[in-house]
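For the sequence shown, the positions run 16 to 506 when the numbering used here is used.
Worksheet: one structure, shown below.
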Amino acid sequence: MSLAQGVVRIGDLEVAVPALALERVVSWPERLTAHPSPAPWSLGLFELSGRPLPLVDGHGLLGLPPPDTPRRVAVIRHGGGRFGLSVDGVVDVLRLADELIDRLQGPAGRLLGRIHLDPDSGRLVHLLDLDALVALPDFELSSDSLRDRRELAGAGSGQERLYLLFECDGRRLCLDAAVVQELVDRPQLSASDFASDCCRQEVELRGQRLPVLELCELLGLARSAPTQRQQLLVLVAGEQGEYRVAFGFDRLLGMWRRDPAHCAPLLGFGLQQPDLLRGIFTDPQGEAAVVIDHLALGRLEATLAYARIYRTDRNLLVEQRSQARRQPCLTFLAGLAFAVPLDQVAEVLPLPGHYLRLGQPDTRLLGMMEVRGQQITLICLRTLAGERAVATGSGDQVIVVEGQHLRLGFVVERVEAIDTFTGLREDALARSWQAALEGGVPPALRAQSWVGVGAPGSSRQATLIDLSSLARRLEAGTRQPVPRPATATCA
Numbered sequence: 016m017s018l019a020q021g022v023v024r025i026g027d028l029e030v031a032v033p034a035l036a037l038e039r040v041v042s043w044p045e046r047l048t049a050h051p052s053p054a055p056w057s058l059g060l061f062e063l064s065g066r067p068l069p070l071v072d073g074h075g076l077l078g079l080p081p082p083d084t085p086r087r088v089a090v091i092r093h094g095g096g097r098f099g100l101s102v103d104g105v106v107d108v109l110r111l112a113d114e115l116i117d118r119l120q121g122p123a124g125r126l127l128g129r130i131h132l133d134p135d136s137g138r139l140v141h142l143l144d145l146d147a148l149v150a151l152p153d154f155e156l157s158s159d160s161l162r163d164r165r166e167l168a169g170a171g172s173g174q175e176r177l178y179l180l181f182e183c184d185g186r187r188l189c190l191d192a193a194v195v196q197e198l199v200d201r202p203q204l205s206a207s208d209f210a211s212d213c214c215r216q217e218v219e220l221r222g223q224r225l226p227v228l229e230l231c232e233l234l235g236l237a238r239s240a241p242t243q244r245q246q247l248l249v250l251v252a253g254e255q256g257e258y259r260v261a262f263g264f265d266r267l268l269g270m271w272r273r274d275p276a277h278c279a280p281l282l283g284f285g286l287q288q289p290d291l292l293r294g295i296f297t298d299p300q301g302e303a304a305v306v307i308d309h310l311a312l313g314r315l316e317a318t319l320a321y322a323r324i325y326r327t328d329r330n331l332l333v334e335q336r337s338q339a340r341r342q343p344c345l346t347f348l349a350g351l352a353f354a355v356p357l358d359q360v361a362e363v364l365p366l367p368g369h370y371l372r373l374g375q376p377d378t379r380l381l382g383m384m385e386v387r388g389q390q391i392t393l394i395c396l397r398t399l400a401g402e403r404a405v406a407t408g409s410g411d412q413v414i415v416v417e418g419q420h421l422r423l424g425f426v427v428e429r430v431e432a433i434d435t436f437t438g439l440r441e442d443a444l445a446r447s448w449q450a451a452l453e454g455g456v457p458p459a460l461r462a463q464s465w466v467g468v469g470a471p472g473s474s475r476q477a478t479l480i481d482l483s484s485l486a487r488r489l490e491a492g493t494r495q496p497v498p499r500p501a502t503a504t505c506a
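This is how it looks when you write it as structure tokens:
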């Protein structure tokens, strides 16, 4: 049996938690409430969505020295309750079969009694035993209330996933963002030597030629006349994910979090490829998007035929090993070219044509928009970055970020790609670009916040921004007076 594991970093250790138990990872709470406990690893209580949760010190629990860098909190649901575990960061998601897990000899009840060692890369992952953890003396959980159980039941599996929303041949499509190896903006395409209706072009990425497949053709959806694709998404293909192929699309619309259980099924009647279409999701504005079954798409005969012709399995394992420890990021344009760690992004949505405009003299505050019954404050990131006269446009997008208690939406010109940082330093976020909320000169020089994005040798430069920290600063209520520019408009 194979189970998905969410891998977090605690000190120098990579620790795996069952993905079904890992509810989410949130920012470090601004306030901890003392709670009497003889356990040395108990840090107290913190508030999450109006509920108190016990916070466990991951470093103290595992006998590791306390960290110097800011931590995050992994919210874990187990044994009928929830608790927070302090971690240093999120690494990735692994799917581990039982035969890939080794059990260490020793007394029963150990927290890290099982490990996974990758024989090729030497990567060592420790599996956290949640049953042993909650059985520790003085361990406490925040019990699920009746409302918690109802919400969990109403949400199906209760596990929201991040989906990529995009447009191809006039159709709105989406798929699980976790399976996208990379997004390529404005690729250099050339005619395929093996052209057909399914594949007209090819692209070279990191010295490897990939077929650019026609997505709507494979999905059995009517498509427009052949066009030069503006963006590509790269997926794995094959029974074991041994191949890699590219699919062209027209524009990225955003990212959103959805529970797969809320995917409305499609009637198979009349569809050319019903097995490739999982169903329909609806966005907050009521527009629908077709959900692609990426596994079925990667095993489709036409997909595999082109993957084999181009021999896209070459060097794939080497490339995966070299990228194993690279941190994913989202790049976007807001006056400057920015990059933010992907785990800080809740979702990306288009800026609606109609939202509540507050008409304040502070042009950094745009107004409010409603997303699934929740009000989100809209902040103009370009104005926050120092531009004096900014007008929002129909193509603007909203990057939604979790604050301490609320969600904030940062309005940007466009989201460009999901990529990875190139050799990101451990203290990089401390050196990231800082918005001058008081209207003065930003305290961090921009040069200190530059980071590389992309593959080594072909990386590009972007300004690192910590949107989670910025959201908390804004949420804390910085109310200093700001200059009132005479000509600036942000509506």
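Just so you know, even glycine gets a beta-carbon here, dropped at the ideal spot from N, CA and C.
| Asked | Found |
| --- | --- |
| Exposed or buried, Asp184, counting other C-beta atoms within 10 Å across all chains shown (16 or more means buried)? | buried |
| According to DSSP, is Thr242 part of a helix, a strand, or is it coil? | coil |
| Enumerate, from N- to C-terminal direction, the unbroken beta strand (DSSP E) stretches of 3 or more residues contained entirely within the region 186-219. | 186-191, 197-200 and 204-206 |
| Could you check whether the region 464-478 touches the region 435-452, counting it as contact only if at least three pairs of C-beta atoms, one from each stretch, sit closer than 8 Å? | yes |
| Residues bridged to Leu234 by DSSP? | Leu234 is not bridged to any residue. |
| Looking at the structure shown, is His420 part of a helix, part of a strand, or coil, going by DSSP? | coil |
| As a quick exercise: from Val355, Leu286 and Gly388, pick the residue whose alpha carbon is nearest that of Arg446. | Val355 |
| Where do the N-terminal and C-terminal ends of the alpha helix (DSSP H) with Leu291 fall, by residue? | Per DSSP, Leu291 belongs to no alpha helix (DSSP H) and is neither H nor E. |
| Below 8 Å, how does it come out for the region 394-402 and the region 32-52: are there three or more Cβ pairs, yes or no? | no |
| Identify every residue that forms a DSSP beta bridge with Leu228. | Cys214 and Phe262 |
| Assess, as a yes-or-no matter, whether the region 273-280 is touched by the region 418-431 under the definition of 3 or more beta carbon pairs within less than 8 Å. | no |
| Which residue comes first and which comes last in the beta strand (DSSP E) that contains Leu28? | Leu28 to Pro33 |
| Find out if the Cβ-Cβ distance for the pair Val306, Leu230 is shorter than 9 Å. | no |
| What are the uninterrupted segments assigned as alpha helix (DSSP H) that are 4 or more residues long and contained completely in the region 49-76, given in chain order? | 73-76 |
| Output the distance between the C-alpha atoms of Gly269 and Val416, rounded to the nearest integer angstrom. | 14 Å |
| Can you tell me whether Val108 is buried or exposed, with buried defined as 16 or more other CB within 10 angstroms of its CB? | exposed |
| For the beta strand (DSSP E) that contains Ala352, what are its first and last residues? | Leu351 to Pro356 |
| Are the Cβ atoms of Asp144 and Ile130 separated by less than 9 Å? | no |
| Can you have a look at Arg266 and say buried or exposed, based on whether 16 or more other CB atoms are within 10 angstroms of its CB? | exposed |
| Hey, could you find the ends of the beta strand (DSSP E) Ser42 is sitting in? | Leu37 to Ser42 |
| Please name the residue, chosen from Leu132, Gly95 and Ala400, that lies closest to Val149 on a Cα-to-Cα basis. | Gly95 |
| Return the chain-ordered list of same chain residues with a C-beta closer than 6 Å to the C-beta of Phe154, the five sequence neighbours on each side being excluded. | none |
| When DSSP builds the beta bridges, which residues end up paired with Val405? | BP columns for Val405 are empty, so no partner. |
| For His277, name the three-state secondary structure that DSSP assigns. | helix |
| Excluding sequence positions up to five away, which residues of its chain have a Cβ less than 7 Å from the Cβ of Gln342? | Pro356, Thr435, Phe436 and Leu439 |
| Report back the beta-carbon spacing between Leu77 and Leu58 to the nearest angstrom; my notes put them in contact at under 8 Å. | Their Cβ separation, rounded to whole angstroms, is 14 Å, which puts Leu77 and Leu58 out of contact at 8 Å. |
| Taking all protein chains shown into account, do 16 or more other C-beta atoms lie within 10 angstroms of the C-beta of Asp72, making it buried, or fewer, making it exposed? | buried |
| Can you tell me whether Val149 is helix, strand or coil according to DSSP? | helix |
| Give me, in chain order, the residues of the same chain whose beta-carbon lies closer than 6 Å to that of Glu197; leave out the 5 immediate sequence neighbours on both sides. | Val249 |
| What residue range does the beta strand (DSSP E) around Leu126 cover? | No beta strand (DSSP E) holds Leu126; DSSP gives it neither H nor E. |
| Could you check the C-alpha separation between Ala206 and Glu217 for me, to the nearest Å? | 6 Å |
| List the endpoints of the continuous alpha helix (DSSP H) containing Leu520. | With the chain running from 16 to 506 in the structure shown, residue 520 is simply not present. |
| Just mark Asp133 as buried or exposed, buried being the case when its beta carbon has 16 or more other beta carbons within 10 Å. | exposed |
| Buried or exposed for Ile324, going by 16 or more other Cβ atoms inside 10 Å? | exposed |
| Just to confirm, are Val23 and Val32 a CB contact at a threshold of 9 Å? | yes |
| Around the Cβ of Ala450, are there at least 16 other Cβ atoms within 10 angstroms (buried) or fewer (exposed)? | buried |
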